[in-house]
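> This note's numbering applies: residue 2 is where the sequence shown begins, and numbers increase by one.
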Amino acid sequence: MRTLHEQDREEILCYVGQEPEMNLFFIGDIESFGVENETVNIYLHEERDRWDFLILRFHQYYLLYSRYEDYNAQEAIEFFKGQRPDCVSGKTVLLEKIAPAFPQWTIQSTYMSRCDRVEDCLSGSNELVIRRLEKEDVAEVIDLLSDIREFSKTYKKVEREEHIRRMVEEMEQGGKAAVGGFLDGRLIATASTSAENSESAMVVGVATAIDCRGKGYASAVVSALCRDCFERGKKYLCLFYDNPVAGRIYNRIGFQELGEYGMLR
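1) Would you list, in sequence order, the uninterrupted alpha helix (DSSP H) runs of no fewer than 4 residues that lie entirely inside the region 12-43?
2) What residue range does the alpha helix (DSSP H) around Phe80 cover?
3) Can you confirm whether the region 155-166 touches the region 177-193 when touching is taken to mean that 3 or more C-beta pairs between the two stretches lie within less than 8 Å?
4) Going by Cα to Cα distance, which pick from Asp117, Ile28, Glu97 is closest to Cys227?
5) Do Gly35 and Glu197 have their beta-carbon atoms positioned less than 8 Å apart in this structure?
6) Considering Cys116, what are the terminal residues of the beta strand (DSSP E) in which it resides?
7) From Leu188 to Lys136, what distance separates their C-alpha atoms?
8) On the premise that Gly255 lies in contact with Val1, defined as a C-beta separation below 8 Å, what is that separation, rounded to the nearest angstrom?
9) Could you tell me whether the Cβ atoms of Arg3 and Leu57 are closer together than 8 Å?
10) Rounded to whole angstroms, what is the Cα-Cα separation between Tyr262 and Lys216?
11) What is the DSSP secondary structure of Ile149, reduced to helix, strand or coil?
12) Determine the DSSP secondary structure at Ser193, reduced to helix, strand or coil.
13) Would you decide whether Thr107 is buried or exposed? Buried here means 16 or more other CB atoms lie within 10 Å of its CB.
14) Cutting at 6 Å between CB atoms, please list the residues of its own chain near Arg266, excluding the five before and the five after it.
15) For a quick check, are the C-beta atoms of Val207 and Ile165 less than 8 Å apart?
16) Taking its Cβ as the centre, do 16 or more other Cβ atoms sit within 10 Å of Asn24, making it buried, or is it exposed?
17) Specify whether the region 47-66 and the region 235-255 touch according to this definition: at least 3 beta carbon pairs, one from each stretch, less than 8 Å apart.
18) Let's test the definition: count the other Cβ atoms within 10 Å of the Cβ of Ile13 and tell me whether it reaches 16, buried, or not, exposed.
19) So who's on the other strand from Gly182, going by DSSP bridges?
20) Assuming Glu1 and Lys235 make a contact with CB atoms under 8 Å, what is their CB distance in whole Å?
21) To which residues of the same chain is Phe183 closer than 6 Å at the C-beta, ignoring the five residues directly before and after it?
22) Restricting to Cα atoms, I'd like to know which of Phe231, Glu7, Glu97 is closest to Ala77.
23) Would Asp212 be called buried (16 or more neighbouring beta carbons within 10 Å of its own) or exposed?
24) So Tyr62 and Asp243 are supposed to be a Cβ contact under 8 Å. How far apart are they, rounded?
25) Write down the C-beta distance between Glu22 and Arg115 rounded to the nearest angstrom, noting that I regard them as a contact closer than 8 Å.
26) Relative to the alpha-carbon of Phe54, which residue among Asp71, Thr40, His60, Asn38 has its alpha-carbon at the smallest distance?
27) Quick one: residues in its chain with C-beta nearer than 6 Å to the C-beta of Ser90, no 5 flanking neighbours on either side, listed in chain order?
Structural data, given as structure tokens:
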């Protein structure tokens with residue numbers, strides 16, 4: 002394994018650019034933070050006269066990517082045993098090669114989908130006020146996510162102030178945008194982007210307050226966020242989902258399934 006540097010940027014982007022949707026976080030982190038600094042590092046394993054696999058570190062989150070399903074998984078295993086990752090993400094087929102070495106972790110596999118245009122869909126109630134969120138709204142976003150079971154494990158693992166700091170940092174670096182839906186001044190639904198780059202972004206953090214579900218609010222804020230991204234020049238957007246109900250909602254908005262992507266943690 003060797004650490005890559007800024008002069009390797011174009012070669013890195015060429016390597017991951019074969020599957021841009023699966024590598025959106027790779028591309029976004031490089032464009033927002035660079036190749037080598039306190040936030041991001043990229044490591045390369047070379048074998049058989051080829052770039053066998055890449056690993057990107059973003060804080061304590063790691064991304065694994067290889068063009069090859071027969072990559073040297075044992076080398077990746079040894080690397081991660083020397084780190085303290087909170088999570089390792091990547092194509093599910095790649096994570097399955099290293100998962101047996103980490104019995105304390107499980108793979109959470111989701112479906113990766115892509116949107117090239119927003120279809121007409123539910124718009125929520127007339128009382129829902131939807132707007133772009135600013136740094137001043139971040140604390141309210143984190144509090145909403147922390148109260149929802151699907152997000153509580155992630156957002157209570159690190160201190161609240163650290164999550165706020167990281168989200169604000171992403172906004173300042175141009176790697177994140179967020180939209181919120183408000184009822185009587187209360188934030189009840191949100192969706193945001195992550196790993197924004199010059200062509201695309203990942204839609205993440207889609208959430209609705211428990212007492213406000215089933216009314217189309219999530220669809221409304223996701224649609225608004227997607228339109229905002231396309232108006233800012235994004236060519237396509239990506240999104241993860243893990244259940245058929247969510248899949249049908251996102252399909253109505255304009256997302257189409259591409260394949261499985263996982264998190265090992």
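Each residue gets a CB set at the ideal place from its N, CA and C atoms; glycine is no exception. Given the structure is predicted, the values throughout are model-derived calculations rather than measurements.
In brief:
1) The qualifying runs are 25-34.
2) For this step, residue 80 is matched to residue 79 along the sequence shown. 74-82 is the span of the alpha helix (DSSP H), which, as asked, contains Phe80.
3) Using a C-beta cut-off of 8 Å, the region 177-193 makes no contact with the region 155-166, since fewer than three inter-stretch Cβ pairs fall below that distance.
4) Locating residue 227 in the sequence shown gives position 226, where the first residue counts as 1. If we check each option's Cα against that of Cys227, Asp117 comes out closest.
5) Here residue 197 refers to the residue found at position 196 of the sequence shown. Here residue 35 refers to the residue found at position 34 of the sequence shown. Remark: C-beta atoms of Glu197 and Gly35 do not approach each other more closely than 8 Å.
6) As a working mapping, residue 116 is identified with position 115 in the sequence shown. Unbroken beta strand (DSSP E) run through Cys116: 108-116.
7) Translated into positions along the sequence shown, residue 188 becomes position 187. Translated into positions along the sequence shown, residue 136 becomes position 135. Going by C-alpha positions, Leu188 is about 14 Å away from Lys136.
8) The requested residue 1 does not occur in the structure, where the chain is confined to residues 2 to 266.
9) Residue mapping note: residue 3 aligns to position 2 of the sequence shown, counting from 1. Residue mapping note: residue 57 aligns to position 56 of the sequence shown, counting from 1. No; because the gap between Cβ atoms is not below 8 Å, this pair is not in contact.
10) Counting from one through the sequence shown, the residue named residue 262 turns up at place 261. Counting from one through the sequence shown, the residue named residue 216 turns up at place 215. Looking at the two C-alpha atoms, the distance is approximately 29 Å.
11) Along the sequence shown, read from residue 1 onward, the residue named residue 149 stands at position 148. DSSP, reduced to helix, strand and coil, places Ile149 outside both helices and strands of the structure shown, so it counts as coil.
12) One-based indexing of the sequence shown puts residue 193 at position 192. In the structure shown, Ser193 falls within a strand segment according to DSSP collapsed to helix, strand and coil.
13) Position 106 of the sequence shown, counted from the start, is the residue given in the question as residue 107. The Cβ neighbour count for Thr107, taken over all protein chains shown within 10 Å, is under 16; the residue is labelled exposed.
14) Translated into the one-based positions of the sequence shown, residue 266 becomes position 265. Counting only Cβ-Cβ distances below 6 Å, and skipping sequence neighbours, we find Cys88, Trp106.
15) Counting from 1 along the sequence shown, the entry for residue 207 is found at position 206. Counting from 1 along the sequence shown, the entry for residue 165 is found at position 164. Judged by beta-carbon spacing, Ile165 lies beyond the 8 Å limit of Val207, meaning their Cβ atoms are not closer than that value.
16) Residue numbering aside, residue 24 sits at position 23 when the sequence shown is read from its first letter. Result: buried.
17) Short answer: they don't touch.
18) On the sequence shown, residue 13 is found 12 positions in, with the first residue counted as 1. Burial call: buried.
19) The residue you call residue 182 lines up with position 181 of the sequence shown. The partner list for Gly182 (beta bridge, DSSP) reads Ile131, Ala190.
20) Residue 1 is absent from the structure shown; the chain starts at 2 and stops at 266.
21) Looking up residue 183 in the sequence shown gives position 182. Once the five neighbours on either side are set aside, the close Cβ partners of Phe183 are Val130.
22) As a working mapping, residue 77 is identified with position 76 in the sequence shown. It is Glu97 whose Cα lies nearest to the Cα of Ala77.
23) Taking the sequence shown and counting its residues from 1, one reaches residue 212 at position 211. Exposed.
24) In the sequence shown, the residue the question calls residue 62 occupies position 61. In the sequence shown, the residue the question calls residue 243 occupies position 242. Contact doesn't hold; Cβ gap of about 18 Å is too wide.
25) Within the sequence shown, residue 22 is the residue found at index 21, counting from 1. Within the sequence shown, residue 115 is the residue found at index 114, counting from 1. Between Glu22 and Arg115, the beta carbon gap of about 5 Å places them in contact (Cβ cut-off 8 Å).
26) Within the sequence shown, residue 54 is the residue found at index 53, counting from 1. Considering only Asp71, Thr40, His60, Asn38, the residue with the shortest C-alpha distance to Phe54 is Asp71.
27) As a working note, residue 90 is residue 89 in the sequence shown. Close CB contacts of Ser90 within its chain, under the 6 Å cut and outside five residues either way in sequence, are with Leu64, Met264 (chain order).
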